[in-house]
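Okay, structure first, notes after.
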Amino acid sequence: MSEFFDDIRYACRRLRQAPAFTALAALTLALGIGANTAVFSVVDPLLLRRLPVHEPDQLVLLHSAGSLQTVDISERAAFEQYSAQHDVLSGVLADAGLFEFQTLHRGQPMAALGEVVSANFFSVLGVQPRVGRLLSPDNDQAGRAGIVLSSAYWTRAFAADPSVVGETIVVNGAPHTIVGVAPTGFFGMTVGSAPDFYAPFGSGLRDPAWMKVVGRLRPGVSSSQARTGLSPVFEQVMRASTLPDVEKSQDMARLLVTPAGRGWSDVRDRFGARVWVLFAVVALVLLVACANVANLMLTRAAGRQHEVAVQLALGATPARLARQFIIEGSVVATLGTAAGVLSAHWASRALVAGLSIGRTPVTLATSIDARVLLFSVAVLGLTALLCGVAPALAAPRVNLAQGLKSRGGAGLGRGARPSRLRQALVVAQIAASVTLLGGTGLLLHSLVNLYAFNVGFEPERVLAVSLADRRASRPAGQADQTLAAVIDGARRLPGVEATAVASLPPLTGSEIGINVVAEGGRRRSDAPTHAFFTSVTPGYFDTLGVRIVAGRGCSTADTPASAPAVIVNRQLAQHLFGETNPVTEHLRFVEGRRPPMAIIGVAADAIYNSVREEPRDFLYLCRQQSRSPAVRGVLFVRGTGGRAERLAPSVQRLVQSIDPDIDIASIKTLARYLDESLYGDRLAAGLSSGFTLVALMIAAVGLYGVLSATVARQTPEIGLRIALGAGVWRIVQFVAGPAVYLTMVGFVLGSAAAFVSSSILRTLLFGLDAVDPLTYVGVVVALAATAAVACYVPTRRAMRVDPVVVLRGD
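Each residue of the sequence shown is one higher than the last, beginning at 830 in our numbering.
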């Protein structure tokens, strides 16, 4: 054991004697290890970690699927019926989701996010309170409503004061009792969310009709057994459902029992695949960094031939020498890991902040905990192995006689080429860099295709203003009059070409679906079709730049007294009526009692939620044909030229001057909405590009190091060749030839790996095949430029060799 500690002290002493080498190697590893640790600290809570509750693997989500889609929410009656089943489930909870509330405590108003849940929410999850108690059935009754604070909110808003338990807090004007504080680290069932408090259904804050229902399996009961046991109950749930029969077949054809031990997450759905890709990218960056440091240590070991020979002459065994080099590599890896873990703390926070842009803030427990440290230790061990084995393998091969003669450390011998191990390390760096270049090139090309796609309207020229009415309802007709004044006033502003209002903006994920049936002799089928719709005012299509291909759009002639009118998009028109002109035909809603509507126009297809979406059936109702109780919707303002942001201040002033009770929830161009809808693609492409550039730079440094060492050791041969009349091109071939060969081998291997990885990226690509010629042309250009830069300085140094000086010295 004493020998082991002696080796550690010796390694530290040797590294202190070479501070530049130690700093460069440690920083190179810190970059790769820090990136991997930061990304893992996000991957773990978002994609891997189970909920911090009792036996999370026993939790299952009870939901349904049909011919149209999978539905994750159930009606409240379903929750009550499932709760009565005790054969396969030991408990059932319900979660209605997060809502924003206004609170008042000790005279201090503040906004807070509350999660509305069933009263047995905490007991089914098996969670214990941090302070006080948790919800119970007593808190689910009107007049006795209680709420539970989250630990973070209790600390942030109440200074972690235990005395707040039992006090009254006013939520949306109604008093509630604070009964306790949830445990530290508990966030409910939604990963990425951060509720400030939890309130039961009986609190009166919300009366949810739909909610997520989660059951806890009894020990020994599997998901398939639970599905079989609950099927009779599901039949009762389906029969008692308030949904129309057509929607039951679309949404409730069969029961699903899905593991819920990791909760659910909108962030996971949006970014999960991209985070895995980023994890693979940083893993390759670490591989490049390890290969580079291993090459540096191999070069340094080659320069210590005399030292190794002396140790062998004094009786050191090859195993002892190999251990010394492995320990030296481990010390460097430890320094790099320590620096990387320290930097990962801030990097992970930056990454989480990046996931939050344009959406509800994302909250993830990205602290450097035991799991992250365990991952870092595993990475440390792998890094130490990769960095220490290379010089350890080379050390026992030192020729004792030549080593004792050599004092200069020319470990490879005069005129020798780099060892195969060093060449293999360079090839590995280049291959990994080519793999990264290929994947990043595909992501960038896909992003260009997404932005170049014709969305069906002109996002740069249209400003979207979301209107929210402070009044829950207005006298009959007042809301419509106020909205008409806003539309007309905005149209009169300088620089405005057209204005209109719709109930929903595109590219936000907001949608309303309904089933429609075609009427008339030209219809293709009597079967109902699921379509999405929005209500629009006259001028909507001109404002957004959506083309009317047949008939007309809404006009002032479409009033509540006139026949109901509707505009369908081309996709829905073809679905219902084929290639015939559907104008003057009719369709009706399956749900509700709305009378049949005359089709007055056909609009060109446009994007509604995402550029990636499949063409969907869509229709537009004329908003002015139905009375609105409040001023709500989205005001679209089309500018006369340039970008529409410049209109925002004047539109805000106009709305406030017409009615101060109208709030502007958001105001931004449709181009901004498009940017936000493509944010995941931009984040993946941007981060991948940055890490790929780093890997390429490290690979260039590795190639440069091999060539520089080669030139230094082959200076006499270069001088002799010049003296014998070798021209410039011959010297360039002699020096750069090995680099070109290594680059080509790395390119071939990396291209094969890039081709394999492209199949993994397929779901993230848009408008591209797995083999994209333009991307691979870019890879060749980038790699050639990198190799040229790496070869330039060593080649130039070789060209300046003076044969007279070299031969005289030799």
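The beta-carbon is built from N, C-alpha and C at its ideal position, and this holds for glycine as well.
Nothing here was measured: the structure is a model prediction, and the numbers come from that model.
Taking residue i as part of the alpha helix (DSSP H), name the residues at either end of that continuous run.
| i | result |
| --- | --- |
| R1626 | P1602 to M1628 |
| I862 | P848 to V872 |
| R1251 | R1249 to A1281 |
| R1482 | A1477 to I1487 |
| A1552 | T1544 to A1552 |
If residue i and residue j are in contact, beta carbons under 8 Å, what's the gap, nearest whole angstrom?
| i | j | result |
| --- | --- | --- |
| T1604 | G1267 | 7 Å |
| F1030 | S947 | 6 Å |
| A1552 | L1164 | Incorrect: roughly 46 Å between the Cβ atoms, too far for contact. |
| A1308 | V1460 | 5 Å |
| L1571 | V1255 | 5 Å |
| D1387 | Q1454 | 6 Å |
| P1037 | L927 | Actually they do not touch by this definition, with Cβ atoms about 12 Å apart. |
| Q887 | L1046 | 5 Å |
| S1295 | A1494 | 4 Å |
| V1043 | A1089 | 5 Å |
Tell me residue i's beta-bridge partners as DSSP assigns them.
| i | result |
| --- | --- |
| N1398 | A1432 |
| T932 | M939 and V1000 |
| A894 | T899 and R1083 |
| N1344 | H1359 |
| R1045 | L888 and G920 |
| T1328 | V1466 |
| E904 | W1039 |
| H826 | Limits of the chain in this structure are 830 at one end and 1639 at the other, which puts residue 826 out of reach. |
| W1093 | T1019 |
So, is residue i buried or exposed, given that buried needs 16 or more other C-beta atoms within 10 angstroms?
| i | result |
| --- | --- |
| S1339 | exposed |
| D1598 | exposed |
| H1274 | buried |
| Q1258 | buried |
| G1017 | buried |
| I1341 | exposed |
| A1329 | buried |
| S1587 | buried |
| W1175 | exposed |
| T866 | buried |
| R1629 | exposed |
| M939 | exposed |
| N1398 | buried |
| L1241 | Note that L1241 scores a pLDDT of 38, beneath 50, so its modelled location is shaky and nothing firm can be said. |
| V1622 | exposed |
| E904 | buried |
| Q1400 | buried |
| W1558 | exposed |
| V1540 | buried |
| L1405 | buried |
Any beta-carbon of chain C closer than 8 Å to the one on residue i?
| i | result |
| --- | --- |
| L1072 | The question asks about chain C, but that chain is absent: this structure has only one protein chain. |
Between which two residues does the beta strand (DSSP E) carrying residue i extend?
| i | result |
| --- | --- |
| Y1449 | F1447 to C1451 |
| P1088 | R1083 to P1088 |
| L1464 | G1462 to G1468 |
| G975 | G975 to L978 |
| T1498 | I1491 to T1498 |
| S1295 | V1291 to D1298 |
Give the straight-line distance between the Cα atoms of residue i and residue j, rounded to the nearest whole angstrom.
| i | j | result |
| --- | --- | --- |
| L1034 | G943 | 9 Å |
| A1162 | R843 | 15 Å |
| I1487 | D1298 | 13 Å |
| G895 | V1075 | 10 Å |
| D990 | V977 | 14 Å |
| I837 | R1103 | 41 Å |
| H915 | T1013 | 31 Å |
| A1313 | E884 | 57 Å |
| A1301 | A925 | 22 Å |
| F1362 | A1305 | 25 Å |
| I1429 | R1591 | 41 Å |
| G920 | E909 | 11 Å |
| Y1502 | P1335 | 8 Å |
| P848 | L880 | 46 Å |
| G1244 | V1618 | For G1244, the pLDDT reaches just 43, beneath the cut-off of 50, and the residue's location in the model is therefore unreliable, although a value from the coordinates is still provided. Roughly 24 Å separates the two Cα atoms. |
| L1271 | A1568 | 27 Å |
| A1528 | Y1508 | 30 Å |
| G1238 | V1110 | Low confidence applies here, because G1238 scores a pLDDT of 45, under 50, leaving its location unreliable; read the following figure in that light. About 37 Å. |
Just to confirm, does residue i get its C-beta within under 7 Å of one of the non-hydrogen atoms of the ligand HEM?
| i | result |
| --- | --- |
| V945 | No copy of the ligand HEM occurs in the structure displayed, which carries no ligand at all. |
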